[in-house]
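As they're listed, the protein sequences go chains G, W and S. First residue of the first sequence? That's 1 in the numbering used here, and the numbers climb one at a time after it. First residue of the second sequence? That's 1001 in the numbering used here, and the numbers climb one at a time after it. First residue of the third sequence? That's 2001 in the numbering used here, and the numbers climb one at a time after it.
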Amino acid sequence: MSRPFLSANARRFVLSDAETSTSAGEWSVSSAELAIATRTPFTIRQRLLHGGRQEGVTLIEVDNGKLQFAVIPTRGMSLLQGKCGGVTLGWNSPVKEIVNPAFVQLGARGGLGWLDGFNELLVRCGVEWAGHPGIDNGELLSLHGRIGNTPASKVVVVVDDQPPYRIHVRGTVVEQTFKFSDYALETDVSTEPGSASFRVSDKLVNRSDYEREFQIIYHSNFGPPLLESASRFVAPVKQVVPFNAHAARDLSNWTSYRGPSERFGEEVFDVVPYARADGSTTVMLHNASAVCGVRIDYNVKELPHFTLWKNTDTMKEGYVTGLEPGTGYPHPRSFERKHARVPTLAAGASRSFTIEYAVLSGAGPVADVVADIAKIQGNRPLQVDAAPENS
Amino acid sequence: MSRPFLSANARRFVLSDAETSTSAGEWSVSSAELAIATRTPFTIRQRLLHGGRQEGVTLIEVDNGKLQFAVIPTRGMSLLQGKCGGVTLGWNSPVKEIVNPAFVQLGARGGLGWLDGFNELLVRCGVEWAGHPGIDNGELLSLHGRIGNTPASKVVVVVDDQPPYRIHVRGTVVEQTFKFSDYALETDVSTEPGSASFRVSDKLVNRSDYEREFQIIYHSNFGPPLLESASRFVAPVKQVVPFNAHAARDLSNWTSYRGPSERFGEEVFDVVPYARADGSTTVMLHNASAVCGVRIDYNVKELPHFTLWKNTDTMKEGYVTGLEPGTGYPHPRSFERKHARVPTLAAGASRSFTIEYAVLSGAGPVADVVADIAKIQGNRPLQVDAAPENS
Amino acid sequence: MSRPFLSANARRFVLSDAETSTSAGEWSVSSAELAIATRTPFTIRQRLLHGGRQEGVTLIEVDNGKLQFAVIPTRGMSLLQGKCGGVTLGWNSPVKEIVNPAFVQLGARGGLGWLDGFNELLVRCGVEWAGHPGIDNGELLSLHGRIGNTPASKVVVVVDDQPPYRIHVRGTVVEQTFKFSDYALETDVSTEPGSASFRVSDKLVNRSDYEREFQIIYHSNFGPPLLESASRFVAPVKQVVPFNAHAARDLSNWTSYRGPSERFGEEVFDVVPYARADGSTTVMLHNASAVCGVRIDYNVKELPHFTLWKNTDTMKEGYVTGLEPGTGYPHPRSFERKHARVPTLAAGASRSFTIEYAVLSGAGPVADVVADIAKIQGNRPLQVDAAPENS
């Protein structure tokens, strides 16, 4: 890259690094301090959290001048929540604290311990395994794997030194067990100053000398105001299959949402989206009046499957929907393997995953995305399977 | 409340709060610093512990001028021990450190991991479940639940601004799992300057939108000098049932204690106490010569069942007895449910539990309590069941 | 002891102590600061580690002027690695971080969670149990026990105040569970300034009032340059038995090593060494050209069994061999008990274990140790069992 005026050091901040055993603790930087003249000034701040089960957790808050979001290095670089004008990204979980994985026992409740800390806008599920607990190869695999409860080994903030001065929060999360797996997930969450969107660009590296299975699901979760009664999920869909008999009963309404509903629990749908010729696709969640929404762009070559998690339970229990591009669905790994949805990575190989989240404000932008998605669908058929897959 | 000279800020100290991510660290206050002229000066101090498995634990030490006790925010607001003149409350566990829950794996040993950190004067067992491990609803429930190994989310010290200037150590302990439970236990341990007693006033709130089962047992534990050979447990008793066949063999001596006894292990008795008309009741443990004791007052409307845990093993193994008011007995939850001792809390509902512990010094005070308790019993019959309940 | 010029305080440094709740944090001392005039100046330094799963771990680095090694108080006083001239002791595990036990769930993967943090030169396995996971007395015993994932309760650095001014890093690791066990392992790793060797002198104390079983295996691990194709294990051997059918297939080559080998996995051999009349014995690992090696001296009265772990897998997966004196072999405890290899300690009793590790540089020193070992063997027979023991 030709960067004549590169001043790399001034704009790259190592916030923690296990290799050098460094940790910045409380830290912040602003566009003014960096002498970057963007139209919207930006700030990036790292906090060290206290109290209850969040003692010792670090949190990185980014405000690009228009959009605010937070990344949790201690919890696998998950995104806590976002905000853009009046639109909140994320949801209101009964779990309020940002739980230190030291206080999470993933094996508890027959492998459901992950639920003790679940409250994120985006938590990656994986990578040695993801999905519901189950015995596989004689081992109990806990819900959604370990990556979301693994502290990042190296965390770096980078501000590009050329316009548009994209802001990156990068973190390497190492998931490994001697003799079992050695994965590095190199994450990058980035945004442009003044933009209403952010991008997740991850690279999963199999550092082992052996080919290994992996699974990854981008569990992206939204509550009000995007989610409300009559909100809609919009996507170009090739096939939809109810996750289980419970979801099958409500198949006819699978793209629309109820308001907060007592005893609703959850419904899950396994979706195969259509894509443009280059594999790119777009899905959207918009509110009832279609004046605000979130657009999610990614590539089905990277993430061929998509899970729609409709958890329209009461507000207190967690009124939330998950839009979840993934390498497979959240069935137990043995089930997924049977259905050929557990990919492998060769020794030393890597796979990249890029997802862009954009906040849509106004009827026009929402309608535009509806049109975009309709164009991807074109006149291609939608296959609706009435019954779940056989296990 | 009409408090004309209220100076709330000066006498309320937030020691930690997850919501605002604050933590006071090392901290102390004294009656002198507060300009409170009590007959006995008092101090309250928070320490941050180091070393071994207690690294990172906070401890709040209260000295009311006559009675000293310590509260452990990191361990669910348990009470570590107390001291009043020559009388020690609590016991000498082989576990000396105040163990950070980060180093406790509750699921270990088939659900007995709780024993790795057990050394308290008072540890609450609960609240989603308590009692011995067992499979219930397909889930292994670990010994005595999670609340005693959950760091408090908010800790506040309050000194009343009116005589008698009662000192409160308050902590909210949140026990929750997405989709399973959302309990807040609002604890308050308080004492009056110069007093020989302290009061535990807890409120359990079901923050969920659903009715939920709960269990709570106040596992209050005493060793020497209150416990010795020929110490006695005194209570107004309606019914006593041996916990198991082992306890049944020693039923005739159930209210008296052995000295430290090799290979004794433990004996447990399930007790239904009588109460006064208002539900209040009194139980006591006193030493062999009846010159010192601990009086425990509580209400059977709040805590209808009482467990007597007689662990008169050797001094090094832990010579201790537990006097345990509770919503039920420490059988596995499925057993307790079968016997209708697993209460529920409606959505948003709460239950309060108040227990007062008073140190008795001298033959007179002990005899007075014996008389009090005899008066509660009156001529009402005691039912002694020779055999344990059927499971 | 007659030490006329004893200045004990100046040369004894308490780095942490749970009993007094002290912790030195970052700390260092040098021979110059101690005004000790050794031929080779030495330094001792404690660091507090940051980043990823090693957040909060303490590490003590010793440089005796010739040999460098590091002790990990947070991980049971394990030795991380050593270096002496061009010879590295230890190995290159895929696990790079020094993992805080707070992030290790020993019960995971059916009891294989220990593998999440395994990367040491020396990790003690034990002490209530060691070896492979298995159900015993109705309880799942996790791989290699708990001692290596237990933070030391008291850590002291001592420099002898008389020549040769031996440097000691001492740590007490308490492994206990109420009603199950109460062990204190008093460890001491020491070295003389300018020496190429270090000594591990441990004392295991059963603080319980009951006789208890215990197991301890000194899992000492070496990779390149000592381990390479055609490296040799040299020992005076009375009996060798393959650990399992897999190892049995390669029995004829059991004392020589392959280079890094894909899909090799591991081979394990159960060895009974011969000893000198006083019980002392010597084993060695040397490289292919026999110009460098590590000599290990210990006493078979203390540690009668020896396990040779040959994990000559690829470099990235972990190319490593374990030379492991122990009270038994790493079969599950129930298996070991059946074969009378689970010793007990009476109430209050203790057992000591001393192992000396010396780096050998040059053909002469290696040949000398070969001769020493041959002298121990003398003309005593070697029994090679073709088949593993029956379970």
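Glycine residues also receive a C-beta, built at the ideal position from the N, C-alpha and C atoms. These numbers come from a predicted model, not from an experiment.
Item: Per-residue DSSP class, three states only, for W:Asn1253; Value: helix
Item: G:Leu106: contacting residues in chain S (beta-carbon distance under 9 Å); Value: Gln2105 and Ala2108
Item: 4-residue-minimum alpha helix (DSSP H) runs that sit fully inside the region 1325 to 1387 of chain W, ordered along the chain; Value: 1333 to 1338 and 1363 to 1377
Item: Given 8 Å, three or more beta-carbon pairs between the region 2125 to 2132 of chain S and the region 148 to 163 of chain G; Value: no
Item: Within chain W, the residues that G:Leu49 reaches when beta carbons sit closer than 8 Å; Value: Ala1018 and Ser1021
Item: Outcome for W:Asn1064 when other beta-carbon atoms lying within 10 angstroms are tallied against a minimum of 16; Value: buried
Item: Stretch-stretch touch, CB-based, cutoff 8 Å, three pairs: the region 222 to 231 of chain G with the region 272 to 280 of chain G; Value: no
Item: Contact list for the region 2201 to 2222 of chain S against chain W, Cβ threshold 9 Å; Value: Arg2207, Ser2208, Asp2209 and Tyr2210
Item: Members of the region 1306 to 1331 of chain W near chain S, C-beta cut-off 9 Å; Value: Asn1311, Asp1313, Thr1314, Met1315, Lys1316, Glu1317 and Gly1318
Item: Span separating the alpha-carbon of G:Val72 from that of G:Val14; Value: Note on residue identity: the sequence assigns Ile, not Val, to residue 72 of chain G. The straight-line gap from Cα to Cα measures roughly 15 Å.
Item: For S:Val2234 and S:Val2370, the rounded distance between their alpha carbons; Value: 7 Å
Item: Top-ranked residue by Cα proximity to W:Thr1088, from W:Ile1216, W:Phe1069 and W:Leu1141; Value: W:Phe1069
Item: Chain G residues whose Cβ lies nearer than 8 Å to that of W:Gly1138; Value: Gly110
Item: Sub-8 Å separation of W:Gly1145 and W:Met1077 beta-carbons; Value: no
Item: Interface partners of S:Ser2093 on chain G, CB under 9 Å; Value: Phe178
Item: Local conformation of S:Asp2116 per DSSP, three classes; Value: helix
Item: CA nearest to the CA of S:Ser2142, picked from S:Gln2162, S:Gly2085 and S:Leu2112; Value: S:Leu2112
Item: Proximity below 8 Å, CB of G:Val62 to CB of G:Ala196; Value: no
Item: Residue burial classification, W:Glu1019 (beta-carbon count within 10 angstroms, cutoff 16); Value: exposed
Item: Host alpha helix (DSSP H) of S:Arg2109 (start-end); Value: Ala2108 to Gly2111
Item: Per-residue DSSP class, three states only, for G:Arg232; Value: strand
Item: S:Gly2171: first and last residue of the uninterrupted beta strand (DSSP E) it sits in; Value: Ile2167 to Thr2177
Item: Contact list for W:Val1071 against chain G, beta-carbon separation under 8 Å; Value: The contacting residues do not exist; W:Val1071 stays about 15 Å from chain G at best.
Item: Reduced DSSP secondary structure (H/G/I, E/B, other) of W:Ser1016; Value: strand
Item: Short Cβ contact (8 Å threshold) for G:Asn287 with G:Ser231; Value: yes
Item: Closer than 8 Å to chain S by CB, W:Arg1053; Value: yes
Item: Cβ contact check for the region 209 to 219 of chain G and the region 98 to 109 of chain G: 3 or more pairs under 8 Å; Value: no
Item: C-beta contact flag for S:Pro2330 and W:Gly1052 at 8 Å; Value: no
Item: Proximity to S:Gly2364 [Cα-Cα], best of S:Ser2261, S:Arg2380, S:Gly2293 and S:Val2300; Value: S:Gly2293
Item: Cβ neighbours of W:Ala1367 in the same chain (closer than 8 Å, five flanking residues each side left out); Value: Ala1290
Item: Neighbour flag for G:Phe118 against chain W, beta carbons, 8 Å; Value: yes
Item: Nearest-angstrom Cα separation, counted from S:Pro2325 out to S:Phe2306; Value: 4 Å
Item: Residue environment, W:Gly1025, which counts as buried when at least 16 other CB atoms sit within 10 Å; Value: exposed
Item: Selected residue, minimal CA-CA separation from S:Thr2022, among W:Phe1353, W:Gly1090 and W:Gly1056; Value: W:Gly1056
Item: Counted within 10 angstroms of its Cβ, other Cβ atoms place W:Thr1312 as buried (16 or more) or exposed; Value: buried
Item: CB contact below 8 Å: W:Glu1097 versus chain S; Value: yes
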